[in-house]
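Encoded as structure tokens, the structure appears first; notes follow it.
The following block contains the structure:
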């Protein structure tokens with residue numbers, strides 16, 4: 405069996421296990437979930453959060469456009485880039501969790517974008533989003549990780565050194581990728597624009613984390629662990645993205661949410677409700693974007 409098949413099989417097992425964990429949690433707290441999700445302001449909150457999420461996704465679209473611009477791509481305008489992005493977002497719910505990237509590549513190429521620039525932007529997007537989500541997850545949950553380390557006899561100094569070392573190693577990936585794809589004369593441009601993209605991705609994960617904090621506030625109540633909530637949300641996205649075979653991180657993200665929120669004192673029923681509500685918010689946000697783009701194309705009679 406080839407390595408790729410082994411990886412896909414392993415990802416499928418992890419995804420299936422995570423989905424089973426989430427289903428068991430939902431079934432186990434069905435009555436409490438029904439009470440939480442039937443609160444009068446729940447629907448209004450879901451719609452508001454979905455709109456906020458759709459707005460936050462424009463940061464990801466801007467980051468992708470920035471990566472294209474950094475290597476001299478001029479065929480795609482900012483508006484066109486956002487439209488391509490919004491049109492293909494729902495593809496991530498198809499089997500595997502990277503079909504939206506493939507769809508974006510194909511559609512942008514149809515509009516005249518160079519394939520080498522699109523390849524660069526795609527690879528860099530994957531690396532930089534993993535870097536950004538991992539950084540947000542570690543930064544906002546670092547004190548919690550230190551406490552766990554202390555419980556297992558790991559000193560603050562060792563944990564901090566590992567954290568800083570991992571961060572520096574991750575930051576080195578960007579220049580390595582940029583140098584592989586483009587000539588030395590353009591490397592400094594690509595790197596400076598990559599830094600802007602990282603900032604956009606970081607802001608997106610902070611915005612997404614703030615949405616989860618709001619969900620916790622409405623479905624459970626105020627919590628002093630808001631930093632950990634943001635860290636858990638970023639970790640959930642990261643693990644849902646890197647596990648192959650989980651469309652849109654389905655199952656994996658929710659399992660991380662439930663386990664992570666429960667670990668900071670939020671009851672399992674409330675943590676499950678937050679995980680389910682966040683999935684509804686992100687799905688609705690993606691659908692709203694794609695529906696808006698579809699409606700605009702129909703209104704302007706624009707052909708595919």
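Numbering (my numbering), first residue to last: 405 to 708. All C-beta atoms in this analysis are idealised placements derived from N, C-alpha and C, irrespective of residue type, glycine included.
Applying the 10 Å Cβ sphere with the 16-neighbour rule, what's the burial state of residue i?
i           : result
residue 727 : It is not possible to answer for residue 727, since the shown part of the chain is limited to 405 through 708.
residue 487 : buried
residue 698 : exposed
residue 704 : exposed
residue 491 : buried
residue 395 : Here the chain covers residues 405 to 708 and nothing more, so residue 395 does not appear.
residue 479 : exposed
residue 709 : Residue coverage of the chain in this structure runs from 405 to 708, which leaves residue 709 outside it and unanswerable.
residue 702 : exposed
residue 427 : exposed
residue 439 : exposed
residue 448 : exposed
residue 589 : Confidence in residue 589 is poor, its pLDDT being 47 and thus under 50, which makes the residue's placement too unreliable to answer from.
residue 483 : exposed
For residue i, name the three-state secondary structure that DSSP assigns.
i           : result
residue 702 : helix
residue 478 : coil
residue 668 : coil
residue 695 : helix
residue 629 : coil
residue 647 : coil
residue 623 : helix
residue 654 : coil
residue 350 : Since the first residue shown for the chain is 405 and the last is 708, residue 350 is missing from the structure and cannot be characterised.
residue 524 : helix
residue 605 : helix
residue 442 : coil
residue 457 : helix
residue 635 : helix
residue 613 : helix
residue 516 : coil
residue 502 : coil
residue 689 : helix
Since residue i and residue j are thought to touch, with beta carbons under 8 Å apart, how far apart are those beta carbons, to the nearest angstrom?
i           : j           : result
residue 619 : residue 540 : Not quite, the Cβ-Cβ distance comes to about 17 Å (not below 8 Å), so this is no contact.
residue 458 : residue 607 : 15 Å between Cβ atoms; not a contact.
residue 644 : residue 454 : That pair is no contact at about 18 Å.
residue 670 : residue 700 : Not a contact, Cβ separation roughly 40 Å.
residue 613 : residue 637 : 4 Å
residue 675 : residue 665 : 4 Å
residue 493 : residue 463 : That pair is no contact at about 13 Å.
residue 509 : residue 522 : 5 Å
residue 598 : residue 471 : 7 Å
From this set, the options, which residue's C-alpha is nearest residue i's C-alpha?
i           : options               : result
residue 653 : 687, 599, 663 and 677 : 687
residue 520 : 531, 638 and 477      : 477
residue 631 : 696, 503, 668 and 658 : 668
residue 622 : 443, 508, 599 and 438 : 443
residue 451 : 503, 544 and 684      : 684
residue 446 : 682, 633 and 523      : 682
residue 516 : 658, 532, 665 and 481 : 481
residue 633 : 525, 544 and 460      : 544
residue 662 : 616, 648 and 694      : 616
residue 680 : 648, 694 and 640      : 640
residue 474 : 695, 531, 627 and 525 : 525
residue 696 : 472, 489 and 468      : 489
residue 469 : 496, 507, 529 and 502 : 529
residue 485 : 504, 677, 512 and 546 : 512
residue 527 : 627, 542 and 502      : 502
If we cut at 8 Å on Cβ distances, does residue i have a partner in chain B?
i           : result
residue 663 : The structure shown contains no chain B, having only a single protein chain.
Touch test, the stretch 532-541 against the stretch 603-617, Cβ-Cβ under 8 Å, three pairs minimum: yes
For the pair the stretch 654-662 and the stretch 633-644, tell me if three or more CB-CB distances fall below 8 Å. yes
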